[in-house]
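Chemist:
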Amino acid sequence: MEMTSAFTLNVRLDNIAVITIDVPGEKMNTLKAEFASQVRAIIKQLRENKELRGVVFVSAKPDNFIAGADINMIGNCKTAQEAEALARQGQQLMAEIHA
Numbered sequence: 086m087e088m089t090s091a092f093t094l095n096v097r098l099d100n101i102a103v104i105t106i107d108v109p110g111e112k113m114n115t116l117k118a119e120f121a122s123q124v125r126a127i128i129k130q131l132r133e134n135k136e137l138r139g140v141v142f143v144s145a146k147p148d149n150f151i152a153g154a155d156i157n158m159i160g161n162c163k164t165a166q167e168a169e170a171l172a173r174q175g176q177q178l179m180a181e182i183h184a
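Numbering (my numbering), first residue to last: 86 to 184.
#1: Is the region 143 to 157 in contact with the region 115 to 124, if contact means three or more CB pairs nearer than 8 angstroms?
#2: In chain order, what residues of the same chain lie with their CB nearer than 7 angstroms to the CB of Ile127, ignoring the 5 residues before and after it?
#3: So who's on the other strand from Leu95, going by DSSP bridges?
#4: Please report the residue range of the alpha helix (DSSP H) in which Phe142 lies.
#5: If I follow the unbroken alpha helix (DSSP H) through Met111, where does it start and stop?
#6: In the DSSP assignment, find the alpha helix (DSSP H) that holds Ala172 and state where it starts and stops.
#7: Would you report the Cα separation of Gln130 and Ala170, rounded to the nearest angstrom?
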């Protein structure tokens, strides 16, 4: 079963993309490993839009943006190497967003 996307993309008339994060069913947005494919799909769409002038990330949660990585996801790592690999994946995704 595929998770409902936590990210929505809207491109305004002035060619500014607004990516809204709203983790379904949670009071706070936390980052999860399964979001990587969702973000990469949005990045692909953004790169295909040659008219795009900028990108803004916003939260649909009224009192917070992103609380950080999901503690349960980190707690499920069984070894330091597994946790390090997870951190590397997150860093790689942030580098892709930056590019």
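By construction, the Cβ of each residue, glycine as well, lies at the ideal position given by its N, Cα and C atoms.
Modeler: The structure says:
#1: Note that the region 143 to 157 touches the region 115 to 124; at least 3 beta-carbon pairs, one per stretch, sit closer than 8 angstroms.
#2: Position 42 of the sequence shown holds residue 127. Phe92, Leu94 and Ile104, listed in sequence order.
#3: Within the sequence shown, the letter at position 10 stands for residue 95. Residue identity differs from the one stated: residue 95 is Asn in this sequence, not Leu. Per DSSP, the beta-bridge partners of Asn95 are Val103.
#4: Along the sequence shown, read from residue 1 onward, the residue named residue 142 stands at position 57. Per DSSP, Phe142 belongs to no alpha helix (DSSP H); it is in the beta strand (DSSP E), Gly139 to Ser144.
#5: As a first step, residue 111 must be located in the sequence shown, where it is residue number 26. In the sequence as presented, Met is not what sits at residue 111; that position holds Glu. Counting along the chain, no alpha helix (DSSP H) covers Glu111, and no H or E run does either.
#6: Taking the first residue of the sequence shown as position 1, residue 172 is located at position 87. Counting along the chain, the alpha helix (DSSP H) containing Ala172 begins and ends at Ala165 to His183.
#7: Working through the sequence shown from its first residue, we reach residue 130 at position 45. Working through the sequence shown from its first residue, we reach residue 170 at position 85. So the alpha carbons of these two residues sit roughly 27 angstroms apart.
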